[in-house]
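First up is the structure itself, then whatever we jot down about it.
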DNA sequence: CTCCTAACGCAAAGATCGCTGCTTTAACGG
DNA sequence: CCGTTAAAGCAGCGATCTTTGCGTTAGGAG
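Protein chains in written order, with our numbering: chain A, 2 to 182; chain B, 2 to 182.
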């Protein structure tokens with residue numbers, strides 16, 4: 002009997018399963034979209050028994066939420082060049098680059114689909130980051146303007162016109178934000 | 002044998018099925034969220050045989066995307082006041098009003114979710130409409146600007162912040178389009 | 001009105017999924 | 001090492017979804 006803490010097994014086989022499943026989820030989400038990823042599918046590609054996945058995560062949504070790591074972690078350092086426009090450009094570029102990965106785009110689609118039911122905004126971190134950048138610079142630019150003029154067009158393209166996510170997009174959107182149209 | 006064109010049946014029973022399915026999908030997507038709507042479910046509520054739905058659309062994602070695409074009738078008359086700004090404002094207002102209905106918002110979520118699998122854009126009619134308005138006026142405003150500055154912010158709000166779809170939104174977005182920020 | 005056949009309904013077969021006992025393996029503590 | 005037991009594997013069940021073959025209904029053209 003363990004008196005200190007409930008015994009957990011984190012290494013060896015468990016770690017291998019976790020790793021294999023994580024990679025399989027990322028691949029499949031990118032290939033088929035969040036909705037069309039099932040646990041038996043993931044298990045097969047990971048070379049793991051479906052039961053193991055069911056026992057650990059319960060259902061596909063929980064699994065994807067847990068594993069599909071947003072490469073844009075909330076803890077990552079934000080650009081801080083001293084120039085708001087430069088900061089916003091780099092920040093927007095990060096976001097565009099991120100969503101060019103099919104898996105990331107698929108996750109955004111899933112987030113959009115779920116936004117109605119779970120009232121959770123999967124882009125709230127981006128909004129928080131915009132707030133930091135804007136308030137730090139004490140500029141006339143508002144957060145809502147950043148959302149409308151930079152984030153919204155990026156999101157629109159990711160969802161409906163992903164082939165228009167080109168290298169100049171981030172810079173030109175931020176330019177428009179400052180220039181006015 | 003029809004020599005002119007492949008015979009299609011659009012009226013009568015087919016139209017009734019389409020209408021019933023459309024209403025059922027809107028209701029169910031609004032109630033349960035896009036991911037949890039299945040074809041047998043839709044068929045039952047529509048009073049239609051599931052086979053008919055499978056034969057017409059193939060799968061749930063295609064069906065939802067198709068219905069989301071046509072929800073705002075392509076045949077409806079566009080505003081034509083002689084003033085581009087006024088036309089765009091009324092047009093944007095129509096769209097905002099439309100998406101304030103929870104069922105319409107839910108369908109857009111479905112369209113966004115399904116946009117990945119097929120390369121279909123359920124907002125392509127809105128883009129076509131914008132093209133008509135802009136080209137008719139021979140203005141300096143481009144279609145892409147209308148999409149980025151008017152449609153994208155509306156879509157972003159519908160998906161992630163639906164409570165911000167207020168009465169002034171359409172007018173203020175169009176104003177920004179003309180004024181430059 | 002009549003013919004042709006697209007589109008629908010029905011029913012049964014087939015596939016897939018999610019779950020649950022039970023057995024087997026191997027991670028961690030002593 | 002050895003013992004304990006967390007976690008993985010296996011097999012099989014029920015439910016639901018999906019497909020398919022075939023008969024029936026009714027839209028559209030002549």
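Beta carbons are placed, not taken as given, at the ideal position from N, Cα and C, and that holds for glycine.
The model shown is predicted, which means the values in this text are computed figures rather than measured ones.
Using 8 Å for Cβ pairs, my map puts residue i next to residue j. What's the rounded Cβ distance?
i, j, result
"residue 93(B)", "residue 174(B)", "6 Å"
"residue 35(A)", "residue 107(A)", "5 Å"
"residue 43(B)", "residue 29(B)", "6 Å"
"residue 79(B)", "residue 147(B)", "Residue 79(B) to residue 147(B), Cβ: 13 Å. No contact."
"residue 160(A)", "residue 178(A)", "The Cβ separation is near 21 Å, so there is no contact."
"residue 85(B)", "residue 140(B)", "5 Å"
"residue 38(B)", "residue 26(B)", "7 Å"
"residue 40(A)", "residue 54(A)", "5 Å"
Do residue i and the ligand ADP come close, with the Cβ less than 8 Å from some heavy atom?
i, result
"residue 102(A)", "In the structure on display, the ligand ADP does not appear, and there are no ligands present to speak of."
Determine the DSSP secondary structure at residue i, reduced to helix, strand or coil.
i, result
"residue 2(A)", "In this predicted model, residue 2(A) has a pLDDT of only 41, less than 50, meaning its place in the structure is not dependable enough to derive any value."
"residue 182(A)", "Caution applies to residue 182(A), whose pLDDT of 48 falls short of 50 and renders its modelled position unreliable; the value that the coordinates give is listed next. It is coil, neither helix nor strand."
"residue 57(B)", "helix"
"residue 27(B)", "helix"
"residue 50(B)", "coil"
"residue 37(B)", "helix"
"residue 117(A)", "helix"
"residue 162(B)", "coil"
"residue 148(B)", "helix"
"residue 112(B)", "helix"
"residue 174(A)", "helix"
"residue 132(A)", "helix"
"residue 13(B)", "helix"
"residue 45(B)", "helix"
"residue 20(A)", "helix"
"residue 153(A)", "helix"
"residue 32(A)", "helix"
"residue 139(B)", "coil"
"residue 8(B)", "coil"
In chain A, what lies closer than 8 Å to residue i by C-beta?
i, result
"residue 122(B)", "161, 162"
In chain B, which residues lie less than 7 Å from residue i when you measure between Cβ atoms?
i, result
"residue 41(A)", "Within 7 Å Cβ-Cβ: nothing; residue 41(A) doesn't reach chain B, min ~17 Å."
Listing by chain order, which chain A residues have their CB less than 7 Å from the CB of residue i?
i, result
"residue 154(B)", "149, 153"
"residue 117(B)", "34, 106, 107, 110"
Under 9 Å between beta-carbons, which chain B residues line up against residue i? List them in chain order, please.
i, result
"residue 111(A)", "36, 114"
Residues of chain A with CB closer than 9 Å to the CB of residue i, please, in chain order.
i, result
"residue 157(B)", "124, 148, 149, 152, 153, 154, 156, 157"
"residue 93(B)", "Going along chain A, no residue has its Cβ under 9 Å from residue 93(B), so there is no contact; the nearest lies around 13 Å."
"residue 62(B)", "34, 36, 37"
Can you check the segment 59-102 of chain B for any alpha helix (DSSP H) of at least 4 residues that lies completely inside it and give the ranges in chain order?
-> 61-71, 85-101
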